[in-house]
Amino acid sequence: MTKKKKIVVKIGSSLLANEDNLTLRYAFINGLISDLAQLQKDGHDIILTSSGSVALGLNMVGKRPEDAGILDKQAAAACGQPLLMNAYRQVASEYELDVAQMLVTVEDMEDRRRFLNIKNTMMKLFENDILPIINENDSVATRDLRVGDNDRLSAKVAQMVQADLLIILTSVEGLYDRDPSDPDAKFISEVEDVSEHLESTTGISDLGSGGMLTKMLAANMAQNAGVETIIAEGIIERPLISLLNNERRYTRCLVTGETASPLKIWLSNRLQVSGTLVVSNALAEAVVAGDCGISRADVISMQGEFSKGDVLHVYNEDGVEVARGLTNFSSEETMLLARNLDMPVESVIGYKTKSDVIGAENILVLEENHLLLDAPEEDQKLVVPV
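Residue numbers (UniProt numbering): 1 to 386.
Structural data, given as structure tokens:
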């Protein structure tokens, strides 16, 4: 690579921890840090998103991956994170590479202000030639409130810093059209439409929380943010440099179409649903055409408890998600406004503000390349005037 790039590298637990005794694989860490240090010396900005804290802490809480519950994993994460960071720090010091730790939760990534604060911190670390090492804060995350896996976390980070490249290292060479153990499995070197390959990506490792499916979901998120993704095997010697020099095979997920603004990219790649709105098919078509926002009179039904500034998912009457946008009102305010259409907004909620529930400037229309979310089975709150 001849020009300066922002590169996000994701490492899975199976590469960092020995599967039998759950101890660190120092040989891999040494090869990884050697490459990261070289890339930084070459002028690139590098971010490492690293799993491993849970796997490394399980011995201390007396559990195996297959029988550990959520509380066991939270405790294991608290035990394993210092072990992981100490290993990174020790090896990095041999290569004169400074490292910093950042632990995040799903709320940090979904809240706009926290999202920007994390981004600003990383930019400052870049200025000082410090490698950010990011992990989900597994000691406080739960099964319902978590990024879900570090594959998608790495894609969110790549989106955040407007990276040029996301590299996901795993235990296989890349994507196959079926289970790699099948002798007839064919290697796929290039992907344009991630959705075409989701059926062939089942299965996860014993140590990790995600398999090839989550890697493809991450690649889709990265694609929509204008970031190319490489999925490859995490070998011990030159795991990154060998890829960038095209010395071995890997799967490349290409960027397709035009890249939206940073705000709209953030809107598109949601990991948690704050709330949903259902609008008429006619209004949905107008939103898709970019002709309007969504007023209180347009809302047929809504679901979820949300606050002003949250991202809502917008569905048409057929249950198809058409857009996502920032709401100007809480769920309670939206309910009151929709049930009192004949009253001015100020009279209903007690202060003067924009009248649209979601303004046209804060709506992202979802394109065909976005993986959509299924509509809720039932709407919890009907907002038909009473």
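C-beta: ideal position from N, C-alpha, C; glycine also.
Are residue i and residue j close, meaning C-beta to C-beta below 7 Å?
i, j, result
"residue 388", "Val99", "Here the chain has residues from 1 to 386 only, and residue 388 is not among them."
"residue 408", "Met60", "Here the chain has residues from 1 to 386 only, and residue 408 is not among them."
"Leu97", "Leu131", "yes"
"Ser195", "Lys10", "no"
"Leu256", "Leu175", "Note on identity: in this sequence residue 256 is Thr, with Leu being the wrong assignment. In this structure, Leu175 does not lie closer than 7 Å to Thr256 by Cβ."
"His44", "Lys3", "no"
"Thr259", "Gly226", "yes"
"Ser14", "Ala77", "no"
"Ile363", "Gly325", "yes"
"Val365", "Val288", "yes"
"Arg248", "Ser242", "yes"
"Lys352", "Phe329", "no"
Kindly list the residues whose CB is nearer than 8 Å to the CB of residue i, restricted to its own chain and excluding five residues on each side of it in sequence; keep chain order.
i, result
"Gly275", "Met302, Gln303, Gly304, Glu305, Phe306, Asp310, Leu312, His313, Thr327, Ser331"
"Leu16", "Leu24, Arg25, Phe28, Ile29, Ser50, Ser51, Gly52, Ala55, Leu56, Leu84"
"Asp72", "Leu58, Val61, Lys63"
"Ile188", "Gly174, Leu175, Tyr176, Asp177, His197, Thr251"
"Arg37", "Note on identity: in this sequence residue 37 is Ala, with Arg being the wrong assignment. The answer, listed in chain order, is Ala92, Tyr95, Glu96, Leu97."
"Lys264", "Leu364"
By the DSSP assignment, the alpha helix (DSSP H) with residue i in it spans what residues?
i, result
"Cys253", "Note, Cys253: premise wrong, no alpha helix (DSSP H); beta strand (DSSP E) at 251 to 253."
"Gly80", "70 to 94"
"Glu233", "First-last for Glu233: 228 to 233, but that is the beta strand (DSSP E), not the alpha helix (DSSP H)."
"Ile33", "26 to 41"
"Leu116", "112 to 127"
"Leu198", "From DSSP, Leu198 is part of no alpha helix (DSSP H); its letter is neither H nor E."
"residue 404", "This structure does not reach residue 404, given that the chain is present from 1 up to 386, and the question cannot be answered."
"Ser13", "13 to 16"
Going by beta carbon distance, what residues of the same chain come within less than 6 Å of residue i, once the five residues before and after it are set aside?
i, result
"Leu145", "In this predicted model, Leu145 has a pLDDT of only 36, less than 50, meaning its place in the structure is not dependable; the value taken from the coordinates is given anyway. These residues qualify, in order along the chain: Val106."
"Asn316", "Asn281, Ala284, Val322"
"Asp206", "Because the pLDDT at Asp206 is just 49, under 50, the model does not fix this residue reliably, and the value given afterwards should be weighed accordingly. So the qualifying residues of the chain are Pro65."
"Glu333", "Ile349"
"Leu277", "Val299, Met302, Leu312, Val314"
"Leu254", "Glu192"
"Lys215", "Asp151, Ile168, Ile231"
"Thr170", "Gly12"
"Lys6", "Asp45, Val161, Ala163, Asp164"
"Arg112", "none"
"Phe126", "Asp45"
"Gly148", "Annotation note: pLDDT 48 at Gly148 (below 50); position unreliable, no value reported."
"Asn340", "Val348"
"Val345", "Ser355"
"Ala75", "Val61"
Could you name the residues of the same chain whose beta carbon sits closer than 7 Å to that of residue i, not counting the 5 residues immediately before and after it, in chain order?
i, result
"Val157", "Val8, Ile47, Thr49, Ile134"
"Leu22", "Ala55, Leu56, Leu58, Asn59"
"Pro239", "Gly31, Leu32, Asp35, Leu169"
"Lys124", "none"
"Pro180", "Val172"
"Glu237", "Gly31"
"Ala185", "Tyr176, Asp177, Arg178, Asp179"
"Glu190", "Arg252, Leu254"
Could you check where the beta strand (DSSP E) with residue i kicks off and where it finishes?
i, result
"Gln223", "Element bounds for Gln223: not the beta strand (DSSP E) but the alpha helix (DSSP H), 212 to 224."
"Asn135", "130 to 136"
"Ser50", "45 to 50"
"Leu165", "165 to 170"
"Val322", "321 to 326"
"Ile236", "Neither: Ile236 is in no beta strand (DSSP E) and is coded neither H nor E."
"residue 407", "As shown, the chain starts at 1 and ends at 386. That puts residue 407 outside it, with no answer to give."
"Ala100", "98 to 104"
"Leu22", "Note, Leu22: premise wrong, no beta strand (DSSP E); not H, not E."
"Leu240", "Counting along the chain, Leu240 falls outside any beta strand (DSSP E), and DSSP gives it neither H nor E."
"Val311", "311 to 315"
Would a check of beta-carbon distances place residue i closer than 7 Å to chain D?
i, result
"Phe126", "Here there is only one protein chain, and chain D is not present."
Compute every distance between the C-beta of residue i and the non-hydrogen atoms of the ligand ZN, then say whether any falls below 6 Å.
i, result
"Glu127", "This structure lacks the ligand ZN; in fact it carries no ligand of any kind."
Cβ contact (3+ pairs, closer than 8 Å) linking the stretch 215 to 225 and the stretch 153 to 166: Result yes; three or more Cβ-Cβ pairs closer than 8 Å.
With a threshold of 8 Å, are at least 3 pairs of Cβ atoms found where one atom belongs to the stretch 351 to 363 and the other to the stretch 288 to 298? Look at the beta carbons and you see the stretch 351 to 363 touching the stretch 288 to 298: at least three pairs across the two are nearer than 8 Å.
Residue ranges of each alpha helix (DSSP H) within the stretch 329 to 375, 4 or longer: List check, alpha helix (DSSP H) in window: 331 to 339, 345 to 349.
Continuous alpha helix (DSSP H) assignments of at least 4 residues falling wholly in the stretch 256 to 309: For the stretch 256 to 309, whole alpha helix (DSSP H) runs of length 4 or above, ordered along the chain, are 262 to 268, 281 to 288.
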